[in-house]
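Under the numbering used here, the sequence shown has 833 at position 119, and the numbering climbs by one with no breaks.
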Amino acid sequence: MRIIAITNQKGGVGKTTTAINLGAALAALKHKVLIVDLDPQGNASTGLGIDQSRRERTTYDLLMDDAALDDVCQTTDVEYLWIAPATTDLSSTDVELGQRDNRVFRLKEALNDAAQSFDFVLIDCPPSLSLLTVNALVAAHAALVPLQAEFFALEGLSQLMLTIREVRETANPKLRIEGVVLTMHDTRNNLSRQVEDDTRSTLGDLVFKTMVPRNVRLSEAPSFAMPVIAYDPASKGSQAYVSLARELLARQQATLEGV
Ligand code: ADP
Ligand code: MG
């Protein structure tokens, strides 16, 4: 079982889109996937069709130690894909957990049992480097960073890297960077290509070969409460996330074999 935190403190870069669609692509390849919605906005929960009325037990209860993982996980319409939903309650965890001494280990402890039920846990992080994101990085084996192919994309990255280093030095020495995935890429756009070149020359092999193109099907799918692979499997967006899933699996295989 692998826990991957999908994180970038910038909003609107494709974290939630990646969590849902990478998760669904891994599920289509018959891996059991749990998406943990760790954003108070609950976009991943909505995008997978979990209405507010069905969010009785949420990741807030999980972090507050008021519910077990089993009680929080819900099935989705996608086979092999589960979700631990979020509500706006989550926005008070920073304050509520603030004084407790194990506050950065809450999610890690809550996910202890996940190995029995899932092959992958994908954590959809909020757009901040808050205690929620730190909980995700402490619980995770690796961080996956979506980077929007636009000007300034690399700017926020150094702060995220500092946070990752801090988490490594304090609470999770084995935390790896799974990779950086370029999102909303447009090959016809000079700026997009420039950002790609800069990112690849700065970060090298950390950058996934797969890029997610700007594709309207990806932005439409959540309003039908479906991952894109169900909404329009032939779309460029769907193909990109299947390719990203395969690349991720191949990288893991290579790591396992010590290549
Ligand atoms: P984040 O979770 O990082 O805030 P989202 O995944 O919610 O970002 O994406 C922000 C917005 O951009 C959403 O409306 C989403 O539908 C849209 N979007 C994300 N990725 C793409 C893409 N590759 N092509 C087109 N629209 C996208
Ligand atoms: Mg989001």
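For glycine and all other residues, C-beta sits at the position ideal for the given N, C-alpha and C.
- With contacts defined by Cβ atoms closer than 8 Å, Phe922 and Val895 form a contacting pair.
- Non-local beta-carbon contacts of Ile878 in its own chain, meaning distances under 8 Å to residues more than five positions away in sequence, involve Leu851, Ala857, Leu889 and Ile891 in chain order.
- Under the 10 Å beta carbon count, Asn816 is surrounded by fewer than 16 other beta carbons and is classified as exposed.
- Membership of Thr760 in the alpha helix (DSSP H) is indicated by the continuous run Asn757 to Gly761.
- Taking Ser759 as the centre and dropping the five residues before and after it, the same chain places the C-beta of Asp751, Arg769, Ile797, Pro799 and Ala800 closer than 7 Å to its C-beta, in chain order.
- In the structure shown, the three-state DSSP call for Pro936 is helix.
- The C-beta of Ala948 has fewer than 16 other C-beta atoms within 10 Å across all chains shown, which makes the residue exposed.
- Fewer than three pairs of CB atoms, one per stretch, sit closer than 8 Å, so the region 771-791 makes no contact with the region 718-732.
- Linking Ala935 to Gln723 through their CA atoms gives a straight-line distance of about 24 Å.
- Under DSSP, Gln862 takes part in a beta bridge, and its partners are Thr897.
- DSSP places Val818 in no alpha helix (DSSP H); its state is neither H nor E.
- Note on the region 776-860: whole beta strand (DSSP E) runs with a minimum of 3 residues are 795-798 and 834-838, in chain order.
- Under DSSP, Ala738 forms no beta bridge with any residue.
- Contact between Thr897 and Ala863 is confirmed by a C-beta separation of about 7 Å, below the 8 Å threshold.
- The Cβ-Cβ distance between Ala739 and Glu793 does not fall below 8 Å.
- About 7 Å separates the Cβ atoms of Asp900 and Pro927, confirming a contact at the 8 Å cut-off.
- DSSP places Leu748 within a strand segment (E or B) once states are collapsed to three.
- Nearest Cα to Ser952 within the set Cys839, Val835, Leu932 and Arg960: Leu932.
- Listed as beta-bridge partners of Ala719 by DSSP are Ile837 and Ala857.
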